[in-house]
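Before any comments, here is the structure.
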Amino acid sequence: MNLDLNLQVIAPALIVALSLLLVLLGEVFLPASQRRWLGYLALIGLLGAAVVAAMLWGANLSGFGKMVVADAFGLFLTLIILLGAALSVLLAFDFVRAHQLDTGEFFALVLSAVVGMIGMVTATDLIVIFLALELLSLPLYVLAAFKRADKRSLEAGLKYFLLGAFASAFFLYGIAFVFGGTGTTNLGRIAAVLGASPRSDVALVGMGLLGVGFAFKVALVPFHWWTPDVYEGAPTVVTAFMSVAVKAAAFGAFFRVFLVALPELAADWRALLAVIAVLTMTLGNVAALLQSNVKRMLAYSSIAHAGYILIALVAMGVNGAGSALFYLLAYTLTNLGAFGAVIALSDGTRERLELNDFAGVAKAQPLVAAALTILLLSLAGFPPFAGFTGKFFIFGAAVESGWAWLAVIGVLNSLISAYFYLRPVVQMYMVEPAGGWNRLRVAPFVAFVLAIAVIGVLALGIVPAPVIALASGGFLK
Amino acid sequence: MINYLWLVPALPLAGATINAIFSRKLPRWIVSAIAVGAVGASFVVSLLAFFTLQGLDEHQRVINVPIYSWIPVGEFRVDAAFLLDPLSALMLLVVTGVGLLIHIYSMGYMAHDENYGRFFTYLNLFVFSMLVLVLGNNYLLMYVGWELVGLCSYLLISFWFFKPEAAAAGKKAFVTTRIGDFGFGLGVLLIFTTFGTLDFAHVFKEAHELFKPGAPVITAITLLLFAGAVGKSAQIPLYVWLPDAMEGPTPVSALIHAATMVTAGVYMVARSNVLFELAPLSSEVVAWTGALTAIFAATIALVQMDLKRVLAYSTISQLGYMFVAVGVGAYGAGVFHLMTHAFFKALLFLAAGSVMHAMNGVIDMRHLGGLSKKMFWTYATFGAGALAIAGFPLLSGFFSKDEILAAAFGTNHLAIWALGLITAGLTAFYIFRAFFLTFRTTPRWEVEHHAPTDSAHAWRGPHESPATMTAPLVILAGLAVIAGYVGMPKVLGANFLEGYFEPVFKPHDLHLAASTEWMLMGASVIVGLLGIATAWWMYEKQPDLPVKLGKQFSGVYNLLWHKYYVDEIYSAVFVAPGYKLAMWLWQFVDVRIIDGVANGLGYATAACSRVVRGWQTGYARAYALMMLIGTVIVIGWLMMR
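Protein chains in written order, with this note's numbering: chain A, 1 to 477; chain B, 1 to 641.
Below you can see the structure in the form of structure tokens.
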């Protein structure tokens with residue numbers, strides 16, 4: 001076996017790993033008052049990785065015995081993950097200080113999760129995918145429980161860990177079955193073997209178990225149970241990071257495995273995933289309708305969005321993968337922005353998370369209120385924002401590949417979703433404010449994240465063409 | 001060729017943006033200058049575009065103005081592009097022209113409102129959205145405008161959100177119209193699957209080439225599109241939101257809920273005339289929905305006491321007429337009535353607003369009366385609007401309504417024609433009932449009754465409104481009187497509109513004999529005058545009569561007064577069970593509500609650690625079990641196939 005140690009392929013992950021080591025060293029050697037610099041260090045690492053990933057664009061490298069590739073699909077997702085991580089780090093700057101969390105460790109854990117995520121979206125071998133999955137999961141279990149003084153946070157971390165371990169076991173078991181059925185763990189060769197041999201039940205079971213593992217990570221019904229609890233309990237910055245970056249990473253591997261390794265079995269998985277998409281969208285949206293806690297509402301909303309993205313997988317083809325990439329980018333910007341607004345409105349350690357906490361924000365913080373309104377409208381798929389173009393892209397892909405009924409249910413769901421996304425807006429604009437707003441100052445970094453999110457959401461809604469072109473180039477063969 | 005067309009929507013958008021950011025720090029006159037200036041400039045550009053278009057040869061009067069490539073996905077692409085043709089050009093003039101007058105009026109009407117800047121921001125944003133809807137050259141851009149006007153309508157209905165009724169009305173409008181929007185969205189999706197494009201030009205061309213009249217898919221598309229129109233244009237069964245929408249400021253009722261947004265459905269059907277021509281069944285549905293809505297809403301308007309609600313039901317009824325027109329294939333007549341209605345209904349609403357302004361917010365006609373002496377201009381202009389809507393000979397409403405009824409008659413829709421004729425009589429009656437109750441009859445108000453709490457704005461009895469409000473009234477009254485002459489029946493003279501729409505609609509020649517036209521016109525005139533006379537007799541001459549009649553026919557009266565109990569029925573049949581279903585679904589999927597309660601209890605217990613740990617692991621175990629069951633189902637599914 002030719003171990004071509006082509007380090008270029010994994011350069012983005014290496015850079016993030018390097019900055020991770022520097023952050024850890026800094027945590028040891030810097031005095032507590034100087035640890036703010038560790039955040040900058042993390043940002044520089046993420047930016048550097050993004051630059052390198054952009055430079056690799058178009059070269060289509062592969063390395064390590066074809067276990068890792070740097071194709072357009074993987075690089076696009078790498079960039080989404082780096083963007084999500086960088087914005088989360090910006091949101092975390094003041095958050096970790098206000099909540100008295102360990103600065104260095106926090107950033108180090110985020111960076112190590114990012115290494116795992118990049119690994120997940122660029123791996124082309126089930127074993128590497130599994131390693132990456134664990135590398136991204138373990139730091140997140142810790143991060144979910146990072147507010148050690150808060151029982152809810154601890155509970156979130158523990159639940160996430162127990163159930164995550166359970167899901168990982170399924171996933172590993174699935175790898176074993178696929179290996180048993182095909183004799184390989186390389187995605188391309190799995191496809192070749194499946195195409196040449198008769199239908200094997202062993203491989204089918206393996207596929208089912210892999211699907212369960214992915215379904216858990218991206219929170220598809222009926223594997224979503226952990227999501228509301230963990231999202232609500234985890235520190236808000238961590239929830240923001242998890243809700244976008246984990247989704248991008250896990251969906252990346254999900255798409256790659258099913259479109260590259262298992263297209264021969266598409267007849268088996270398409271209908272199943274279509275049903276799961278319907279359940280996920282519907283239950284996510286209906287449950288979100290009845291929430292009074294904004295974090296919990298956004299948790300159910302993220303479940304619903306996983307359902308929309310799953311439609312793109314069912315659609316397959318150029319537009320299936322392309323629309324998923326576009327949607328993940330739109331969703332990353334929008335959701336991070338929405339969580340950013342929630343963080344912007346918190347007062348020191350007192351977070352305002354109940355719906356009626358948002359009363360009258362428009363008077364006290366007009367810009368934050370306007371930004372959150374735009375972001376929520378985008379999540380609801382309202383034109384002319386990113387969520388609208390993203391949904392149109394996905395539903396269009398579904399219609400083109402003959403899954404119009406799935407698109408119809410998607411349209412119905414996005415109409416329903418408008419009701420709960422508008423509830424905070426109604427509170428902000430149409431209810432008289434309670435006291436305590438006048439002392440509020442929005443941290444510059446948080447304001448910056450909000451600005452980036454709003455500009456991005458507007459740009460992706462109004463002039464999406466360049467990004468659509470890039471995302472469509474990310475088609476998986 | 002008309003490269004500047006993008007300015008038409010861009011100017012109000014710029015106005016909205018500037019006011020959104022800076023209006024708090026700017027003095028009011030600058031805020032209004034920006035808002036009014038933006039719409040005014042947009043009106044001027046629209047005029048320019050209109051006359052440029054008129055200067056072209058007839059067959060060149062369809063101009064696509066691409067702005068940029070919006071969503072290019074492989075073979076399929078949607079452009080951000082505008083379409084200027086006689087239909088959209090006329091709509092531009094109506095939207096920006098009436099919009100401008102209502103902006104000017106609002107300067108006076110909203111002068112004392114503390115959220116002056118926010119109001120004008122929304123109003124400009126609405127004009128922008130409506131212009132996108134009208135100008136888009138494909139169904140997706142139209143859908144964008146369609147959704148945005150809905151959002152603006154919602155924001156403006158609940159503008160005075162401190163009134164619980166206003167907040168509830170906004171919500172109701174949003175929810176109800178979204179039901180229709182779902183149909184519209186599906187219609188757009190079906191157009192996409194059928195034709196692979198959303199451009200009007202391509203869709204219509206291919207529909208013409210590929211399908212014969214009555215093709216099921218075209219029928220499905222048109223019915224779905226019409227579902228959107230039913231919601232947006234307040235037809236049976238989705239009209240219920242419009243009367244409640246009157247909780248918004250009156251200029252909003254005039255602009256959005258009378259002149260422009262609610263006519264979007266009519267515009268959409270007229271725009272899609274090629275598709276509707278291929279779907280006779282759908283057209284029949286459109287015509288009947290319109291006719292039934294027209295008479296249904298008119299009967300409710302007969303007994304209402306809230307002046308604005310009378311006008312709201314009147315709008316629903318008049319929109320019904322427009323759908324009759326486009327349903328029987330008289331697209332030009334439908335758009336003609338859309339235009340005249342925009343003038344006289346905006347006028348009636350603004351005059352009603354002037355009454356509210358004068359009466360310190362009172363709009364219940366039981367507390368009005370005798371205002372003709374106090375506010376001449378409002379009285380006179382309302383009278384002109386009332387005559388126009390009642391179809392008084394030679395005023396605008398007379399011509400446009402007559403053309404619709406003639407079209408229904410000429411296409412052998414005799415039942416629809418009869419319903420329309422009866423509605424015309426009812427219309428004349430209810431509008432003059434409102435006119436007499438408000439401006440004539442003995443005053444039923446006393447100054448002391450309206451004593452306000454703060455003395456700064458002490459009410460000293462009714463007074464005429466400022467010139468910013470009366471000037472738009474006078475201009476609209478002029479338009480309501482003369483606008484009909486562009487579409488005169490052939491027996492009376494030249495019909496400018498008939499040739500005007502040529503490139504968009506197929507010419508609609510009814511071949512009615514001159515004697516038939518005279519006969520139809522005579523019938524309308526008689527019915528209209530009869531309605532006016534009855535109203536005069538009952539309210540001016542014999543003011544005790546209505547009360548007696550109400551007692552004698554109390555069953556009918558109550559049915560109408562309670563608007564056929566439709567709101568109550570909807571609430572019992574849809575709203576309550578819908579909520580229960582959602583609740584049940586949620587608890588079924590997610591038993592977390594119990595979790596929440598347990599959570600609270602857990603924390604409340606002082607020595608909680610053991611307890612909490614106990615149920616925590618318990619729940620995690622339950623989740624794991626659910627995941628296991630899910631896995632078994634997934635594997636089972638895969639094995640079964």
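Ideal placement from N, C-alpha and C gives every residue a C-beta, glycine not left out.
On a predicted model such as this, the values are computed, not experimentally measured, just so you know.
It is roughly 5 Å from the alpha-carbon of A/Glu-432 to the alpha-carbon of A/Gly-360. Close to chain A, meaning a Cβ-Cβ distance shorter than 9 Å, is no residue of the segment 331-350 of chain B at all. Collapsing the DSSP output to three states places B/Trp-70 in a strand.
DSSP, reduced to helix, strand and coil, places B/Leu-371 within a helical segment of the structure shown. Residues of the segment 180-193 of chain B with a Cβ closer than 7 Å to any Cβ of chain A, in chain order: Asp-181, Phe-182, Gly-185, Leu-186, Leu-189, Phe-192 and Thr-193.
Against chain B, the CB of A/Ala-407 has a partner CB under 8 Å away; the residue lies at that interface. Distance between A/Trp-37 and A/Leu-30, taken at the CA atoms: about 9 Å. Taking a contact as a CB-CB distance under 8 Å, the pair B/Leu-347 and B/Thr-438 does not count as one, their CB atoms being some 14 Å apart. Residue nearest to A/His-305 within the set A/Met-428, A/Asn-293 and A/Phe-395 is A/Phe-395 (criterion: CA-CA distance).
Taking a 10 Å sphere around the C-beta of A/Asp-94, we find 16 or more other C-beta atoms and assign the residue as buried. By the CB criterion at 8 Å, B/Lys-232 and B/Val-252 fall outside the cutoff. B/Phe-82 sits in a strand when the DSSP states are folded into three classes. No Cβ-Cβ contact shorter than 8 Å links B/Ala-234 with B/Gly-183. By the criterion of a C-beta distance shorter than 6 Å, A/Val-16 is surrounded in its chain by Gly-45, Ala-49, Leu-111, Val-114 and Val-115, once the five residues flanking it on both sides are discounted. Annotation: Cβ neighbours of A/Val-399 in chain B (cutoff 7 Å, chain order): Leu-189, Phe-192 and Thr-193. Residue nearest to A/Ala-42 within the set A/Leu-24, A/Leu-336 and A/Asp-4 is A/Leu-24 (criterion: CA-CA distance). According to the DSSP secondary-structure assignment, B/Ile-63 is paired through a beta bridge with B/Leu-84. Leaving aside the five residues that flank A/Phe-255 on each side, the residues in its chain whose CB is nearer than 7 Å to its CB run, in chain order, Leu-313, Ala-321, Ala-324 and Leu-476. Residues of chain B whose Cβ lies closer than 9 Å to the Cβ of A/Pro-198 do not exist, since the nearest Cβ in that chain is about 15 Å away. A/Met-117 and B/Val-175 have their C-alpha atoms roughly 40 Å apart.
Out of B/Ile-18, B/Val-65, B/Thr-427 and B/Ser-42, the CA that lies nearest to the CA of B/Val-310 is found in B/Thr-427. Listed as beta-bridge partners of B/Asp-364 by DSSP are B/Asp-306.
Counting the other Cβ atoms within 10 Å of the Cβ of A/Gln-34 gives fewer than 16, which makes it exposed.
By the Cβ criterion, the segment 372-391 of chain B is not in contact with the segment 503-519 of chain B, since fewer than three pairs of Cβ atoms, one from each stretch, lie closer than 8 Å. Counting along the chain, A/Gly-63 sits inside the beta strand (DSSP E) bounded by residues 61-63.
Note that the segment 283-300 of chain B does not touch the segment 160-170 of chain B; fewer than 3 beta-carbon pairs, one per stretch, sit closer than 8 Å. Using a Cβ-Cβ cut-off of 7 Å, A/Gly-211 is close to Val-634 of chain B, given in chain order. Going by beta carbons, B/Ala-169 and B/Glu-247 fall inside the 8 Å limit.
A straight-line Cα-Cα distance of about 40 Å links B/Arg-118 and B/Ile-404.
Residue environment: B/Pro-66 is assigned as exposed (fewer than 16 neighbouring CB atoms within 10 Å of its CB, all protein chains considered).
Nearest to B/Thr-289 by alpha-carbon distance, out of B/Val-230, B/Ala-620 and B/Met-339, is B/Val-230.
Residues of the same chain with a CB within less than 8 Å of the CB of A/Leu-289, apart from the 5 flanking positions on each side, are Ile-416, Tyr-419 and Phe-420 in chain order.
Secondary structure at A/Val-202: helix, using DSSP grouped into helix, strand and coil.
With its beta carbon less than 8 Å from one in chain B, A/Leu-290 belongs to the interface. By the neighbour-count definition (other C-beta atoms within 10 Å, threshold 16), A/Ile-309 is a buried residue. Fully contained in the segment 326-360 of chain A is no beta strand (DSSP E) run of length 3 or more.
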